[in-house]
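In the working numbering, the protein residues as written are 2 to 421.
Ideal Cβ positions, reconstructed from N, Cα and C, are used throughout, including at glycine.
All values derive from a computational prediction rather than experimental measurement.
In what follows, a single structure is set out as structure tokens and then discussed.
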Ligand code: AMP
Ligand code: ZN
């Protein structure tokens with residue numbers, strides 16, 4: 002087995018002239034979403050197009066979090082019937098896709114293996130190559146899928162904020178495999194923190210952070226302006242007696258930080274919990290609940306921006322060449338986060354384009370796995386060995402270093418892409 006090293010991005014997407022059309026079946030099952038998608042590239046110069054996607058999410062609202070064994074059972078019972086209906090709908094029995102892509106990691110091993118086994122079975126039955134995709138690469142590269150909202154696709158080097166239920170990191174990508182993590186979370190992810198804070202405030206639903214966004218949106222604008230002016234930092238008294246500051250210190254006098262930069266999100270929940278304990282609150286009055294929900298979301302987003310701006314300062318020499326900023330993952334669906342990032346991020350060059358995937362492509366989905374799989378195939382000319390195993394923890398900067406990549410020959414590549 003030969004493992005190909007990362008190619009320079011300038012040699013990427015070197016598709017030769019004639020491609021008749023190739024289609025990709027993609028599966029995502031890393032967490033609680035069973036998801037299947039079909040994508041197509043009609044010619045070498047044609048954009049990649051998402052044809053269809055189906056998704057079934059485990060409902061964990063009653064148990065207060067995703068239980069891995071329940072998620073495993075969910076995928077085992079959902080994926081095959083979803084696939085069956087999808088195959089019939091798109092006549093895939095008679096017109097089989099040319100490539101099978103599937104999430105290999107990181108994620109819950111049971112969940113991953115349910116999707117991976119199904120993908121291996123399809124690859125064998127259809128005699129087509131398999132690509133085991135890194136889930137976070139999918140979140141990032143979804144921005145490469147042309148969309149009506151974005152006039153251009155990102156070009157390397159670009160910066161990506163990946164902000165989801167499982168991960169929060171700022172990454173500099175110089176090519177599909179050259180990833181440098183500039184800021185990572187030292188505890189939990191932003192989405193996890195928002196979900197936990199929302200639950201503590203008594204908000205109900207499946208995606209609690211999303212529910213909390215909608216709850217905050219019910220605040221009349223005059224009230225919101227009043228909330229915005231209330232100072233919750235230590236040493237300031239406020240009407241609600243609620244204290245919430247930004248975690249982690251900034252270097253003094255606007256200095257460039259020397260230490261490794263991190264996000265820290267677990268303190269937000271502790272602040273709400275200690276407030277409740279201190280005041281013996283079992284149920285909030287509505288105004289206080291709205292105020293705390295509003296301030297918590299604001300401070301979490303302010304913390305993200307604070308750390309990004311420090312990273313922009315610290316890595317100035319690399320960032321100066323960045324012209325695109327991708328914001329992805331479930332939390333990126335939040336309109337207030339999008340507004341705050343667009344307004345407050347201090348790039349050295351003002352001419353940076355922001356890319357926000359459409360809302361339904363921010364949360365876990367199989368289209369992003371298909372897009373990342375196609376980029377791995379087209380830029381690196383690799384496929385996965387059929388013996389690959391799911392990977393629970395898989396650093397984003399070690400994608401091609403993992404076992405199981407196989408170089409593919411020009412003939413095989415042409416066969417997959419139906420090049421003539
Ligand atoms: P992912 O892990 O990428 O599938 O994203 C799921 C996470 O994103 C969960 O923590 C969700 O609560 C969170 N999320 C989804 N929609 C929103 C939203 N509109 N605002 C904030 N967080 C959200
Ligand atoms: Zn995700």
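* Asked: Is any heavy atom in the ligand AMP found nearer than 7 Å to the beta carbon of residue 142?
  -> no
* Asked: Taking all protein chains shown into account, do 16 or more other C-beta atoms lie within 10 angstroms of the C-beta of residue 371, making it buried, or fewer, making it exposed?
  -> buried
* Within the present structure, is the beta-carbon of residue 166 separated from the nearest heavy atom of the ligand AMP by less than 7 Å? -> yes
* Is residue 294 closer than 8 Å to residue 209 when the C-beta atoms are compared? -> no
* Does DSSP put residue 284 in a helix, in a strand, or in coil? -> coil
* Is it buried or exposed for residue 125, if we count other Cβ within 10 angstroms and need 16 for buried? -> exposed
* Comparing the C-beta of residue 325 with each C-beta of chain C, is any distance below 8 Å? -> The structure shown contains no chain C, having only a single protein chain.
* Residue environment, residue 236, which counts as buried when at least 16 other CB atoms sit within 10 Å -> exposed
* Whole-angstrom C-beta distance between residue 266 and residue 373, which should lie under 8 Å -> With 8 Å as the limit, residue 373 and residue 266 do not qualify as a contact, their Cβ atoms being about 26 Å apart.
* Asked: Is it right to say residue 155 is buried, meaning 16 or more other beta carbons lie within 10 angstroms of its own, or is it exposed?
  -> buried
* Asked: Between which two residues does the beta strand (DSSP E) harbouring residue 266 extend?
  -> Segment: none, residue 266 is in no beta strand (DSSP E) and carries neither H nor E.
* Name the two residues that bound the continuous beta strand (DSSP E) containing residue 404. => First-last for residue 404: undefined, no H or E at that position.
* Asked: What number of angstroms, rounded off, separates the C-alpha of residue 403 from the C-alpha of residue 132?
  -> Distance from the CA of residue 403 to the CA of residue 132, rounded to the nearest whole angstrom, comes to 13 Å.
* Cβ of residue 166 within 8 Å of Cβ of residue 193? -> yes
* Asked: What residues match up with residue 50 in a beta bridge as DSSP calls it?
  -> Bridge partners of residue 50: 41.
* To do: Out of 311, 391, 205, 419, state which residue places its alpha-carbon closest to the alpha-carbon of residue 104.
  => 391
* Three-way DSSP call (helix, strand, coil) for residue 355 in this model -> strand
* To do: Measure the Cβ-Cβ separation of residue 35 and residue 108 and say whether it is below 8 Å.
  => no
* If we ignore side chains and look at the alpha-carbon of each, how far apart do residue 106 and residue 415 end up? -> 28 Å
* Along the chain, which unbroken stretches of the beta strand (DSSP E) at least 3 residues long are found entirely within the stretch 333–418? -> 354–356, 383–385, 406–408
* Within the stretch 178–260, note down every full alpha helix (DSSP H) run reaching 4 residues or more, in order along the chain. => 191–201, 209–217, 222–230
* Reduced DSSP secondary structure (H/G/I, E/B, other) of residue 135 -> strand
* Asked: Using the rule of at least 16 other Cβ atoms within 10 Å of the residue's Cβ for burial, across every protein chain shown, is residue 365 buried or exposed?
  -> buried
* Does the distance from the CB of residue 262 to the CB of residue 377 come in under 8 Å? -> no
* Asked: Would you say residue 423 touches the ligand AMP, meaning its beta carbon is less than 7 Å from a heavy atom?
  -> Because the chain spans 2 through 421 in this model, residue 423 falls outside it and cannot be assessed.
* **Test item: CB-CB of residue 40 and residue 400 under 8 Å** => no
* From 140, 304, 180, pick the residue whose C-alpha is nearest to that of residue 168; which is it? -> 140
* Asked: Excluding sequence positions up to five away, which residues of its chain have a Cβ less than 8 Å from the Cβ of residue 62?
  -> Around residue 62: 205, 206, 207.
* Asked: Between residue 77 and residue 86, what straight-line distance do the alpha-carbon atoms span, to the nearest angstrom?
  -> 15 Å
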